[in-house]
Structure formats: structure tokens, C-alpha cells
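Participant: My structure is below; once you've seen it, I'll send some questions.
Rendered as C-alpha cells:
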């Protein structure tokens, strides 16, 4: 009921009471049926979980909240000593998440208060006891390191040591929390039952601050295993948007910073028997020196140390210094799948790029396999969000997103007679294409 209607109702009732105190006219209105206060009629249907006196509750548990009407006004959780437990309410109001795992074999008390549109309040209090520490604990692989800076294409990759059953993936995913400053829409995608990655709809805005929590301590992971600990990191995205584009023909690598081409250099890619992958990748690892040992592999048989190595795939494709192929770079593909560049160029790239720098390779004829590396950018946004085990919010699903394979634009109509066109060397858009940055030696 709006405030205006409430005021009108009160005035009408007051007027009726006043008229009853005057002398009765010939025709007196019969009194209407009495009504209870409007607030008392509002039923919020508040339900809180865990149930009161429930035992064996996982220490990753949240205070679940269901409402038929109204919204959550407050949540208060205390431990057995009466000390408050810190936490936050989920954006959709479906639960209250403790800021850190609960303690094993401990009792907690939770009080949830909800308020309706007519200011009617309902509260429910439950007490519950958490489980004993399980015998089987499992860690996860997490590729973000606290305090580090990453490129604008950096995903949030999580890898489990054992497969997570599909019917448990939604519960596990709900224990992943990502906060971006400034806020940017993003989603998770399960590439397999053991590998899940997060990305924003488009590349991160330069300078973004990320806080990530994997709240997996005490979370059931399947097969009787539980998460061994929470993981919390705060990282920063590079203040510059650095991107690398590599083409098979012409055989070159180009590095862009904030949309400006900084350098073009010749490359040699994988030969026909060991071709390089084409697709949208990111740098996964950087190493000043890396030993390649392919003995025992089908196309293997060599051991070599390379400098300024930057990993692109799990399958072993790197950008690295290759002084032995300088004469082939720009002309022939002679590598075992890696991107060969000259020593000086390799060192320069190593300083300009970071883990998380996006790298696009085109024209090799071999498609990058999903999950062979951090391949979050090699699929469209609609395809990516289908891999979420939890329904994606409408605003996130409809966000403007990076398109790795845009459809070519329709040809422009021919200019009419007398319309000037840009001439290389005379300024205009054609000038940038005609005069790329010089290649380094």
C-alpha cells in the first residue's frame, strides 16, 4: 500500500469515528466489518537453513534464506561464545556467506530478519553444529598469485586434482567469489570436470583490481573428499592494454599497446609435421630459461634450453628466442610448433608482455583445442556462459562481449565521383596501414 493510500485510509476512519459522536441523522450508515492492521496481514514466508538443531553441517555452509515476499533486513551470526561472525549477503538475497570458513565441531546461532513492503517484520533463529574434520582433504591448483600484475586477458583458472561430479559442480561454483574494481560482468566455464575458468565479457579494463576467494574449505568435492583450505588473492591488471597478433602469412608478430602498433617482427612457426595452433590464447607462463625435453614423445627426440620462453598452450607451444632459425624467420616454418623469434626481439617481448597478455595466432590451418591452455577467449560469449554450472544473470548474459570470430563487414559502396580518398603518405586511415612500425633486428 502506498503512503498516499495509507493516509487516505486513516483520514476516512477518523472522519467516521467523529460522525458517530454527533446526533444521528435520519439515515445512519451501518458499521462496516472490522479489519486487522495491514501489516499483520502480510506473510513473508521466511525460511532459514540449516535447520534448527541440525548437526554435521559443512564448515563451508551458508545461511540459506527463502522468502515468499519482502527482503532481508539483517543477518546476525554468532559462535558458541556469542562472538559475531563476519559475512555478507548474496546479491540476490538467497544466502548469507561467512567471510571465512566456520570451525569444525562448533555450534553457531543465526538470526535472519526480513521486512515486507508494509514494514512488517519476521525473524527466525536457528542453531546448528558443524561437522568433524573429514579424513579425505583435497587441494586445488590456482594460478593467481597474491600481489602480482597480469595482462588484460588473464582468466581465473582453477584446476581440481580429481574430477568434480557434475551434480556437485553448481554447489562448488557457488563457492567462487570474484570482485572487480571497477565492476565488470563475468562468468565461469567448466572445460572439463576438473578444469573451470572465469573471464569477463571483454578484456579486463587496464588497471582493474581483482579480489578472488575460492571458499572451498570443508566443501564437498565428490568421492568423500572435501576442500582443504580457502584461497584468497588480490591482484592487479596491467595499466596498459597489450595485445599480440601473429600471422602465418606474412610470417610476422605484431605487438600493440593501447591500440597502437609498437613493433613488427618476423617469425617462424611450426613446420608441416608439427604445426602451430591458430586461435585466441593468453600467456600462461614466463621463464628466462626453459628446458624443452621431448624424448619419449611421438615427434620428440631433442633436449634444448631456450631463453625468454612464454607458454601459450599445455601442449608445449611457446614464444621464445630461436637464434638458430633467424635466417628462416619471415620466410619458412621450421619449428616444432613454437613461435620462433630472434634473440633481441624475444627479450623485448619478454619485457613488454605479462602472464595474461592475449595472443592471437591465425592462418596455420590447425584450430586451437578447447582447454589446451587458457582458451577462454577462443569462444563467443554465448558459448562461454553455457559452460557455467549456475544460471547466469540476465545482465551478464546480455553484456557487450568480445567476439573472437566476428563476421566480416559488408563491402563499402564505391565512392561517388569527386570523393577524395586517403593517399599513403598524405595522412588519413590508409597511412597507418601503409607505414607499420619497423621490425627490430
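Numbering (the numbering used here), first residue to last: 907 to 1347.
From the three backbone atoms N, C-alpha and C, an ideal C-beta is built for every residue, glycine too.
Just so we're clear, the structure is a prediction, and the values are computed from it rather than from any experiment.
1) Go ahead and label residue 1137 buried or exposed: buried means 16 or more other beta carbons lie within 10 angstroms of its beta carbon, across all protein chains shown.
2) What distance in whole Å lies between the Cβ atoms of residue 1264 and residue 1057, which are believed to be in contact at a cut-off of 8 Å?
3) For residue 1108 versus residue 1185, is the C-beta spacing smaller than 8 Å?
4) Report the three-state DSSP secondary structure of residue 982 (helix, strand or coil).
5) Roughly how many angstroms lie between the CA atoms of residue 1142 and residue 1300, to the nearest whole one?
6) Give a yes or no on whether the C-beta atoms belonging to residue 1222 and residue 1248 are separated by under 8 Å.
7) State the Cα-Cα distance for the pair residue 1177 and residue 1239, rounded to the nearest angstrom.
8) Using the Cα positions of residue 982 and residue 1123, report the straight-line distance between them to the nearest angstrom.
9) Going by Cα to Cα distance, which pick from 1024, 1111, 1012 is closest to residue 1307?
10) Along the chain, where does the alpha helix (DSSP H) that runs through residue 971 open and close?
11) Does the Cβ-Cβ distance between residue 1295 and residue 1079 come in under 8 Å?
12) Over the uninterrupted beta strand (DSSP E) stretch that includes residue 1210, give me the two end residues.
13) Could you spell out where the beta strand (DSSP E) holding residue 1185 opens and where it closes?
14) What span of residues does the beta strand (DSSP E) with residue 1310 cover, start to end?
15) Express the C-alpha separation of residue 1069 and residue 1090 in angstroms, rounding to a whole number.
16) Excluding the 5 residues flanking residue 1055 on each side, which residues of the same chain have their C-beta closer than 8 Å to its C-beta?
17) Determine the extent of the alpha helix (DSSP H) in which residue 1177 is found, giving its start and end residues.
18) Using CA atoms only, rank isn't needed, just tell me which of 1075, 1029, 1190, 1088 is closest to residue 1062.
19) Using only the alpha-carbon positions, how far apart do residue 1161 and residue 1251 sit?
20) In whole angstroms, give me the CA-to-CA distance for residue 1286 and residue 1099.
21) Looking only at C-alpha atoms, which of 969, 1018, 1293, 1101 sits nearest to residue 1007?
22) Does the Cβ of residue 882 have 16 or more other Cβ atoms within 10 Å, making it buried, or fewer, making it exposed?
23) Do the region 1013-1022 and the region 972-982 make contact, defined as three or more Cβ pairs closer than 8 Å?
24) Given a threshold of 16 other Cβ atoms within 10 Å of its Cβ, counted over all protein chains shown, does residue 1208 qualify as buried or as exposed?
25) My assumption, with CB atoms under 8 Å, is that residue 1272 sits in contact with residue 1179. Please give the rounded CB distance.
26) Quick check on residue 1212: buried or exposed, where buried means 16 or more other Cβ atoms within 10 Å of its Cβ?
27) According to DSSP, residue 1223 sits in a beta bridge with which residue or residues?
28) How far does the alpha helix (DSSP H) with residue 1143 in it extend, from its first residue to its last?
29) Does DSSP put residue 1072 in a helix, a strand or coil?
30) My assumption, with CB atoms under 8 Å, is that residue 1267 sits in contact with residue 1059. Please give the rounded CB distance.
31) Are at least three pairs of beta-carbons, each pair with one atom in the region 1028-1043 and one in the region 994-1006, less than 8 Å apart?
32) CA-CA distance, residue 1017 and residue 993?
33) Over what stretch of residues does the alpha helix (DSSP H) that includes residue 1291 continue unbroken?
34) Quick check on residue 1127: does DSSP put it in helix, strand or coil?
35) By the three-class DSSP mapping on this structure, what secondary structure does residue 1258 have?
36) Considering only heavy atoms of the ligand MG, does any lie closer than 7 Å to the CB of residue 1182?
Facilitator: If we stick to the structure as given:
1) buried
2) 7 Å
3) no
4) strand
5) 27 Å
6) no
7) 5 Å
8) 22 Å
9) 1111
10) Per DSSP, residue 971 belongs to no alpha helix (DSSP H); it is in the beta strand (DSSP E), 969-972.
11) yes
12) 1209-1217
13) 1185-1188
14) Premise fails: residue 1310 is in no beta strand (DSSP E) and is neither H nor E.
15) 29 Å
16) 1141, 1142, 1143, 1144, 1260
17) It is not in any alpha helix (DSSP H) - residue 1177 carries neither H nor E in the DSSP assignment.
18) 1190
19) 11 Å
20) 21 Å
21) 969
22) Here the chain has residues from 907 to 1347 only, and residue 882 is not among them.
23) yes
24) exposed
25) Actually they do not touch by this definition, with Cβ atoms about 12 Å apart.
26) buried
27) According to DSSP, residue 1223 bridges with nothing at all.
28) Residue 1143 -> not in any alpha helix (DSSP H); beta strand (DSSP E) instead, spanning 1137-1143.
29) helix
30) 14 Å between Cβ atoms; not a contact.
31) no
32) 13 Å
33) 1287-1291
34) strand
35) helix
36) For the structure depicted, the ligand MG is absent and the ligand set is empty, with no information on it obtainable.
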